[in-house]
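Report on the following structure.
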Amino acid sequence: MSLLRDFNQLDFVVLGQRLHGFARELYPICRSITGDGVRQTLAMIQSRIPLQITEVPTGTQVFDWTVPKEWNIRDAYIKASDGKRVVDFKRCNLHVMNYSTPIHGTMSLSELKPRLHSLPEKPDWIPYRTTYYKEDWGFCLSHNEMKGLKEGDYEVCIDATLEDGNLTLGECYFPGRSTEEVLISCHVCHPSLANDNLSGITVASSLAQLLAGRDLRLSYRFLFIPGTIGAITWLALNRTAAERIRHGLVLTCLGDKSGFHYKKSRQGNAEIDRAAMHVLTHQSESPEFLEFSPYGYDERQYCSPGFNLSVGCLSRSVWGTFPEYHTSADDLEFIQPTQLAESLRACTAIVDVLENNRRYLNLKPYCEPQLGKRGLYRSTGGGAIGEELNARLWVLNLSDGQHSLLDIAERSQLPFSMIHDAAELLQQNGLLSQVSEQDGV
Amino acid sequence: MSLLRDFNQLDFVVLGQRLHGFARELYPICRSITGDGVRQTLAMIQSRIPLQITEVPTGTQVFDWTVPKEWNIRDAYIKASDGKRVVDFKRCNLHVMNYSTPIHGTMSLSELKPRLHSLPEKPDWIPYRTTYYKEDWGFCLSHNEMKGLKEGDYEVCIDATLEDGNLTLGECYFPGRSTEEVLISCHVCHPSLANDNLSGITVASSLAQLLAGRDLRLSYRFLFIPGTIGAITWLALNRTAAERIRHGLVLTCLGDKSGFHYKKSRQGNAEIDRAAMHVLTHQSESPEFLEFSPYGYDERQYCSPGFNLSVGCLSRSVWGTFPEYHTSADDLEFIQPTQLAESLRACTAIVDVLENNRRYLNLKPYCEPQLGKRGLYRSTGGGAIGEELNARLWVLNLSDGQHSLLDIAERSQLPFSMIHDAAELLQQNGLLSQVSEQDGV
Amino acid sequence: MSLLRDFNQLDFVVLGQRLHGFARELYPICRSITGDGVRQTLAMIQSRIPLQITEVPTGTQVFDWTVPKEWNIRDAYIKASDGKRVVDFKRCNLHVMNYSTPIHGTMSLSELKPRLHSLPEKPDWIPYRTTYYKEDWGFCLSHNEMKGLKEGDYEVCIDATLEDGNLTLGECYFPGRSTEEVLISCHVCHPSLANDNLSGITVASSLAQLLAGRDLRLSYRFLFIPGTIGAITWLALNRTAAERIRHGLVLTCLGDKSGFHYKKSRQGNAEIDRAAMHVLTHQSESPEFLEFSPYGYDERQYCSPGFNLSVGCLSRSVWGTFPEYHTSADDLEFIQPTQLAESLRACTAIVDVLENNRRYLNLKPYCEPQLGKRGLYRSTGGGAIGEELNARLWVLNLSDGQHSLLDIAERSQLPFSMIHDAAELLQQNGLLSQVSEQDGV
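Chains as they are written, first to last, in the numbering used here: chain V, 3 to 443; chain G, 3 to 443; chain A, 3 to 443.
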């Protein structure tokens with residue numbers, strides 16, 4: 003398997019444009035944690051990869067939680083006395099506080115004001131607010147729009163339903179030779195927010211496309227789910243599958259121009275943590291590695307103490323630390339084709355490590371084998387040696403059955419791909435044999 | 003138990019004044035490793051806390067040592083030929099080398115000079131010198147006084163006795179629900195030295211007052227003892243009690259204006275070390291943490307290899323590193339009410355950690371429990387979360403029965419008190435149960 | 003045993019001159035991996051220390067390698083049409099590519115050029131090149147000489163033989179009370195290169211002279227062998243001896259003016275690693291410690307996974323990082339008497355640690371023993387204590403049977419020799435007893 007080599011054959015510019023194009027298609031949909039927005043989104047993903055869709059009825063008990071009522075919205079506005087819509091859901095779906103209960107009536111500005119959310123420090127941007135677990139309603143608008151509202155009566159309408167229905171989950175599974183699984187998870191519950199939502203969806207979909215039809219060592223499970231309640235629901239309904247997860251990544255905020263951030267799993271030194279940190283160290287500029295904390299995305303659920311899965315979170319900017327976060331400024335211009343494609347490359351390289359991180363046994367462990375007679379050494383002595391030869395010496399020296407290729411890559415500070423190439427070459431030359439792993443493949 | 007919360011109710015200014023006032027009462031007494039100076043000091047402590055006093059006879063074998071003769075002094079001086087006392091014990095008890103044998107006679111300045119100790123680099127200060135284990139005598143005086151001595155004969159008198167008697171130890175014990183003990187130890191053998199002696203005595207006494215009458219988990223033992231020989235004697239006579247000591251602090255030099263120093267126990271990562279470092283990191287400016295070394299105060303004895311107790315040493319300035327150390331400049335102005343009170347607060351907070359550092363079990367370990375339905379979450383989503391909520395998530399995430407609250411405080415970098423509050427709240431809400439500890443309480 | 007104390011009695015200047023003098027004797031010899039150059043070199047070492055010489059026939063299988071044909075050279079030159087030798091082996095033996103096959107004929111400059119090696123960036127220096135495992139021939143010359151060659155025909159002669167013969171190994175063994183061994187290894191296969199070859203030979207020879215005739219705890223084995231093939235051959239023929247090696251040092255590049263570099267063994271924290279780093283930290287200016295890598299000198303073979311011996315490499319400059327490396331500028335002026343003698347002192351101090359690194363048991367482990375009554379303490383109290391007393395307290399505190407003297411030296415940050423002196427003194431005073439080691443001595 004040479005996933006990374008194949009990836010590097012692709013046209014990087016075309017790839018970036020394709021990722022951004024998919025985000026553009028998904029952008030207008032008003033997603034929430036339940037409802038038709040999620041269904042439409044999953045249908046568009048399903049047109050690219052084999053997605054299994056599960057509907058979980060309202061009221062289903064999932065651990066300490068209950069699947070909520072389904073929310074759907076058709077229209078919403080605030081209309082001034084002259085009949086003009088001063089706030090209009092059809093212009094931007096962030097205008098409605100997500101999960102608002104239906105309302106239709108007339109009220110004065112002072113009655114309305116407590117229901118209006120704006121960002122004084124960013125007066126042109128509309129904030130994103132939700133009220134999932136408390137029945138309530140409200141509007142979000144730019145601070146300039148808010149200040150422009152004149153005294154008087156307004157017609158207020160949220161044409162939404164909050165009724166028994168379903169929570170919708172999307173899942174794509176590629177079986178490998180081993181039943182041990184890699185989990186790739188992203189959330190699909192934010193309305194028109196590009197970095198925080200669509201970047202994860204597009205990168206995860208494309209990674210799944212790259213894996214489709216391949217001979218894989220590990221099995222791969224992609225989840226496209228509403229944040230928090232979606233992860234909790236999936237875990238509650240799939241405890242056996244969850245036990246097979248060996249490595250996992252939550253993907254989010256992968257389209258902006260920041261350097262990469264990798265947040266470690268609760269375990270802190272799991273193979274996924276080491277693989278991600280190794281890849282980012284060799285493949286990106288000044289990546290930052292964050293310790294686990296119990297707040298963030300769905301790694302909160304995967305890393306809860308009952309599961310304690312080896313799941314980290316890969317992003318560029320970190321939620322809450324960039325001004326565009328949870329505002330209308332997290333739009334299609336905030337994410338860029340090049341950044342999305344680089345993020346996909348990082349994910350591909352991490353998967354490549356997981357697939358190929360095996361242990362080998364040096365079959366000539368006493369002193370160095372004579373590489374020269376096999377054409378694996380330089381012929382004239384006295385000068386320096388290259389990195390490829392150095393990689394061969396490292397693999398031979400540490401292939402005592404204890405060190406994995408990732409161990410060797412870390413200790414030698416050479417890229418995993420170079421160490422992996424060296425191991426393949428040495429194996430072809432009869433100098434290494436693969437140690438059989440626990441899972442037998 | 004909410005020792006720290008109760009402490010924070012106290013009037014900080016009044017507390018500082020009370021601590022300093024007690025030091026002022028103790029200051030004039032001429033203490034030594036034996037004798038009436040120690041007895042007077044212990045009697046004054048006994049008027050505040052229930053102190054048990056033990057007299058150990060001269061000649062008692064204590065490990066490799068022997069309890070020395072008892073030293074008592076009434077007067078001492080050097081009188082010039084004009085009858086004027088040029089050096090007078092009654093003006094300052096540092097003038098006599100502590101434990102000097104009695105002498106009365108006349109001698110020339112040149113005969114006298116080898117017996118005189120001064121500090122050329124601090125010409126106004128009187129040094130503090132001792133001769134505990136070698137029978138000898140001498141005087142200490144300022145360098146300016148020394149230089150002023152004219153040639154001629156001097157009457158020299160040390161009206162002291164060095165005879166069979168007793169070594170005196172003070173001990174205050176508060177039994178808790180567990181027989182596991184916390185040791186608080188300070189030395190009471192220095193004459194008029196304020197930071198190096200009285201600051202430890204006053205802070206330890208006040209800490210004992212705070213603990214008196216409380217329902218305590220651990221048992222507490224306060225030792226007010228002469229340095230070195232006192233600790234050795236106590237350990238030799240109380241080997242069973244010593245085996246019950248789980249955590250300990252030597253208190254000294256707690257009144258000056260330096261930032262805190264904590265010297266770790268020989269073990270280096272004992273719970274007391276972690277508790278002290280955690281508290282000082284959160285509660286004081288740029289504390290410094292020192293590795294254990296076998297020189298210093300009575301941690302030398304508690305951390306000898308036969309005992310190897312988890313005993314650290316808390317101070318502000320470190321002995322030997324400040325110019326006033328072991329001189330007459332270590333006086334009542336060198337220690338300040340605010341500093342004494344802050345030191346007491348640090349001790350209180352450390353004890354609070356030891357009392358409350360339990361392990362808990364998350365009763366809903368699969369995914370996060372739904373805090374919102376219990377009123378433990380914010381209701382509108384999309385913005386940041388506060389530290390209290392963050393503390394709850396940390397406690398839930400790490401309460402797998404393996405992590406103590408101190409582990410959680412360290413990993414989350416939140417103050418222990420906030421983590422402890424979160425645990426109490428979650429327990430009240432049925433989300434946590436306490437893990438029973440080895441000692442059953 | 004007080005090897006280091008004895009060393010410090012020697013006249014340092016005379017020692018340096020003797021080391022450099024020996025290097026001067028060895029310099030002109032044209033060494034290679036086989037042949038009379040090695041034999042002459044070993045004979046000169048044998049005149050100083052008891053060296054056992056082993057001849058291993060061409061064709062002998064040694065692990066994955068075969069002992070090569072023996073190479074001997076008598077003369078070599080390139081003669082211009084005017085009969086003048088423009089390149090002459092007799093002026094400098096680096097002029098011939100080492101291990102060149104014999105050739106005698108006439109060829110044009112353009113035919114000859116691909117056979118000529120020079121260093122454009124150092125136009126006055128002759129490079130050192132070899133062709134051990136590929137039958138080939140060539141000449142090395144300064145870039146200025148190369149540029150001065152005029153078009154025309156040249157007589158080219160390499161009067162060498164490459165025939166069945168032997169590989170020659172030199173070995174010097176000092177048995178100690180224990181059969182556990184210390185290996186000191188250096189290469190003897192480079193022609194006129196001073197730092198990279200002769201510095202290791204002279205320092206190793208002198209270290210052997212210092213050990214000769216001593217009562218030693220450990221056994222010592224010195225190897226003077228051709229690089230790579232020599233180490234592989236010795237290991238293949240001496241597998242039982244190799245199993246007894248507990249600590250080892252490869253010595254090389256010890257005469258230049260750089261600070262020390264110590265490259266750790268593959269194990270990374272072996273006793274030899276700790277001993278070398280401790281000694282260099284206390285005894286030299288800004289030493290640098292390098293992680294193991296599988297390229298370099300014969301530690302490559304000793305640290306191959308089948309052996310994984312605790313062998314590090316001590317040098318000043320590191321191969322490949324100084325411009326003189328593998329050129330004619332690595333000559334007798336590049337190495338200096340003072341540097342050679344300091345290197346010998348470092349080796350001696352490291353051996354001193356290995357010889358004396360024992361564990362002791364404090365016989366008075368409860369509290370401190372009273373050092374004063376044994377004359378091991380200062381008598382007047384109140385001031386500072388010296389390092390010797392501090393060392394005694396450290397040794398007493400950590401001598402619980404678990405800590406070796408090196409552990410204590412590391413933790414106290416005091417030099418091993420001071421810790422060792424303290425242990426001897428305390429043992430003489432009945433306060434310590436030696437813990438018997440695994441090897442019984």
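Virtual Cβ for every residue (Gly too), placed ideally from N, Cα, C.
Just grab the DSSP bridge partners of residue i for me.
i, result
"LYS265 of chain G", "G:LEU292, G:CYS315"
"LYS81 of chain V", "V:ARG87, V:GLU157"
"ALA25 of chain V", "Per DSSP, none; premise fails for ALA25 of chain V."
"HIS189 of chain G", "G:ILE227"
"LEU169 of chain V", "V:VAL58"
"TYR362 of chain G", "G:GLN436"
"PHE141 of chain A", "A:VAL98, A:LEU118"
"VAL64 of chain G", "G:TRP67"
Let me know the secondary structure DSSP gives residue i once reduced to three states.
i, result
"PHE309 of chain G", "coil"
"VAL16 of chain G", "helix"
"SER112 of chain V", "helix"
"VAL252 of chain G", "strand"
"PHE418 of chain A", "helix"
"LEU333 of chain G", "Contrary to the premise, residue 333 of chain G reads as Asp rather than Leu in this sequence. Coil at ASP333 of chain G, not helix or strand."
"VAL437 of chain G", "coil"
"HIS405 of chain G", "strand"
"HIS119 of chain A", "strand"
"GLN372 of chain V", "coil"
"GLY107 of chain G", "strand"
"ILE410 of chain G", "helix"
"ILE234 of chain V", "helix"
"LEU164 of chain A", "strand"
"GLN341 of chain G", "helix"
"THR133 of chain A", "coil"
"CYS349 of chain A", "helix"
"ASN271 of chain A", "coil"
Would residue i count as contacting chain A if we go by Cβ distances under 9 Å?
i, result
"TRP236 of chain V", "no"
"ASP402 of chain V", "yes"
"GLU136 of chain V", "According to the sequence provided, residue 136 of chain V is Lys. The question's Glu does not apply to it. Chain A contact via Cβ: absent."
"PHE176 of chain G", "no"
Comparing alpha-carbon positions, which option in the options lies nearest residue i?
i, options, result
"ASN240 of chain G", "G:ARG93, G:GLN341, G:GLY154, G:VAL58", "G:VAL58"
"LYS92 of chain V", "V:ASP161, V:GLU27, V:THR132", "V:ASP161"
"VAL1 of chain G", "G:LEU111, G:GLU389, G:SER260", "Since the first residue of chain G shown is 3 and the last is 443, residue 1 of chain G is not available in this structure."
"VAL355 of chain G", "G:ASP275, G:ASN197, G:ASP90, G:PHE309", "G:ASP275"
"GLU335 of chain V", "V:ALA272, V:ARG7, V:TRP321, V:GLY257", "V:GLY257"
"MET19 of chain A", "A:LEU346, A:ASN271, A:LEU164, A:ASP217", "Sequence inspection shows Gln at residue 19 of chain A; the Met mentioned does not correspond to that position. Measuring from the Cα of GLN19 of chain A, the nearest candidate turns out to be A:LEU346."
"VAL15 of chain G", "G:GLU426, G:PHE291, G:GLY374, G:LEU342", "G:LEU342"
"ASN95 of chain A", "A:SER286, A:CYS349, A:LEU428, A:ASP333", "A:ASP333"
"ARG7 of chain G", "G:GLN429, G:MET420, G:GLY432", "G:MET420"
Does any C-beta atom of chain V lie closer than 9 Å to the C-beta of residue i?
i, result
"LEU398 of chain G", "yes"
Contact criterion: CB-CB distance below 9 Å. Does residue i meet it with respect to chain G?
i, result
"TYR297 of chain V", "yes"
Counting Cβ pairs closer than 8 Å, one from the region 222-238 of chain A and one from the region 271-289 of chain A, do we hit at least three?
-> no
Taking three-plus beta-carbon pairs below 8 Å as touching, is the region 228-237 of chain A in contact with the region 184-200 of chain A?
-> yes
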